[in-house]
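Here the structure comes first, spelled out in structure tokens, and everything after it is commentary.
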Amino acid sequence: RRPPTMEDDSDLFDPPRRITFSFDSSGWLYTYHLGVAHYLQQALLGGSGGGGGPSSDFAFSGSSGGALVAGALATGIDIHALASFVISCHGECQYNPWRMFPCTDRALQRFVGQAAHKRANGRLRVLLTRIQLWTLKPAVRPETVSAFGSTQHLKQVLRASCHIPFLAGPLPYHVPRQDAPDGSMLHAGGDFIDGLYWPSVLFMWRQFDRADTLVRVSGIGNPLAAIRPPLPVPLHWVVLPPPPETLWKLFACGYHDAAQWLADHTEEGEAELLAE
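Okay, structure coming up:
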């Protein structure tokens, strides 16, 4: 079988029906996502540090900060340790939102270990926005990546999904072309920015397969999400973080809401996959 390319990676691994947790764009509100992820890691995914990542019954997708959380779950990163690192960057970023991106780079270098791309392949979908000028194709279009040629490629894709124009620099984030071992193209590469908010009804980025059970998580409180904060949160927190104690409260809120979601759906018998 020929090596896959970006255009046909949706059926790359012929995935079985499974539960996909999908994390929206969030900025600093991804501390809520991290709380959700911490509960999922403890209750469903067998904890962290096992080296093999979560069970193949689960998949993850995300955009921007949500992609970082999805990637952490897919590769078995210790979510609580990651949250502690993120919140420790508060002082650096409180009045300097552009410092979010050096902090992201440090987190990727610190937490994404060797061979992480092997655990992410077929289990993680990352939403990007491709910037393409002077061509016949649209200049701005959504794209997903779920095949990663190396750990460095995985880091680059996650970083590109978080790249906010002007705050992170005047130019898009460049991801080099990735080739398979036999020399064929695995990923065309290109110039990308933040995954933004592409409606999934127009572009199916959240799931590998329509038969998957989708559980959407929103730190902003999107009413269509299955797991979301019970009260509206200030939107300026996306870029300008609240105090560390508030970030930890968002983390705790996400943990509680994920636990409540699981309890509700288990009682109602709507999560049959969780018992398989």
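The opening residue of the sequence shown carries number 534 in our numbering; numbering runs sequentially from there. The C-beta atom is built at its ideal place from N, Cα and C for all residues, glycine as well. Just so it is clear, the structure is predicted and the values come from calculations on it, not from any experiment.
Beta-bridge partners of Q711, as assigned by DSSP: To locate residue 711, count along the sequence shown from 1; it is residue 178. Partner(s): H720.
Candidates N654, Q689, S694, of which the one nearest A592 by Cα: The residue labelled residue 592 in the question sits at position 59 within the sequence shown. Taking only the C-alpha atoms, the option nearest A592 is N654.
Residues near V659 in its chain [Cβ-Cβ closer than 6 Å; skip 5 each side]: In the sequence shown, counting from the first residue as 1, residue 659 sits at position 126. Same-chain partners within the cutoff: A600, V678, V690, S694.
Length-filtered (4 minimum) alpha helix (DSSP H) runs lying within the region 639–689: Runs of the alpha helix (DSSP H) spanning 4 or more residues and lying entirely within the region 639–689 occur at 649–653, in chain order.
Among G702, D638, V619, nearest to D724 - alpha-carbon criterion: Stepping through the sequence shown from its first residue, residue 724 is reached at position 191. From the listed residues G702, D638, V619, the smallest Cα separation to D724 is found for G702.
Segments of 3+ residues assigned as beta strand (DSSP E) that fall wholly inside the region 569–625: If we require 3 residues or more, the beta strand (DSSP E) runs fully inside the region 569–625 come out as 591–596.
Integer-rounded CB distance, given that I726 should sit under 8 Å from T662: Position 129 of the sequence shown, counting from 1, holds the residue named residue 662. Position 193 of the sequence shown, counting from 1, holds the residue named residue 726. Right, their Cβ atoms sit about 5 Å apart.
Option in Y788, W794, T799 with minimal Cα separation from Q575: As a first step, residue 575 is located in the sequence shown; it is residue number 42 there, counting from the start. When each option's Cα is compared against that of Q575, the closest is Y788.
Through-space distance from A680 to P709, alpha-carbon basis: Within the sequence shown, the letter at position 176 stands for residue 709. Within the sequence shown, the letter at position 147 stands for residue 680. Rounded to whole angstroms, the separation of the alpha carbons of A680 and P709 is 14 Å.
Residues near H613 in its chain [Cβ-Cβ closer than 6 Å; skip 5 each side]: For the purposes of this step, residue 613 is taken as residue 80 along the sequence shown, with counting starting at 1. Once the five neighbours on either side are set aside, the close Cβ partners of H613 are H571.
Residues of its chain near I610, where Cβ-Cβ distance is below 6 Å and the 5 sequence neighbours each way are ignored: For this step, residue 610 is matched to residue 77 along the sequence shown. Cβ within range, chain order: F644.
Own chain residues within Cβ distance below 8 Å of D797, not counting five before or after: Counting from one through the sequence shown, the residue named residue 797 turns up at place 264. Non-local beta-carbon contacts of D797 in its own chain, meaning distances under 8 Å to residues more than five positions away in sequence, are absent.
Inter-residue CB distance, P630 and L773 (contact presumed, cutoff 8 Å): For the purposes of this step, residue 630 is taken as the residue at position 97 of the sequence shown. For the purposes of this step, residue 773 is taken as the residue at position 240 of the sequence shown. Yes, they are in contact, since the Cβ atoms of P630 and L773 sit about 6 Å apart, within 8 Å.
DSSP-derived helix/strand/coil call for V766: Looking up residue 766 in the sequence shown gives position 233. Per DSSP, reduced to three states, the secondary structure at V766 is coil, with no helix or strand assignment.
Exposed unless 16 or more other CB atoms sit within 10 angstroms - verdict on D715: What you label residue 715 is simply residue 182 of the sequence shown in a count that begins at 1. Flag for D715 reads exposed.
Backbone secondary structure at S555 - three-state DSSP: Position 22 of the sequence shown holds residue 555. Residue state for S555 is assigned as strand, using DSSP reduced to three classes.
Outcome for F699 when other beta-carbon atoms lying within 10 angstroms are tallied against a minimum of 16: Looking up residue 699 in the sequence shown gives position 166. So F699 ends up on the exposed side.
A791, DSSP secondary structure in three states: Position 258 of the sequence shown, counting from 1, holds the residue named residue 791. Helix.
Cβ distance (whole Å) where G598 is taken to contact G560 below 8 Å: Here residue 598 is taken as the residue at index 65 of the sequence shown, counted from 1. Here residue 560 is taken as the residue at index 27 of the sequence shown, counted from 1. A Cβ-Cβ distance of about 6 Å is found for the pair G598 and G560, placing them in contact under the 8 Å criterion.
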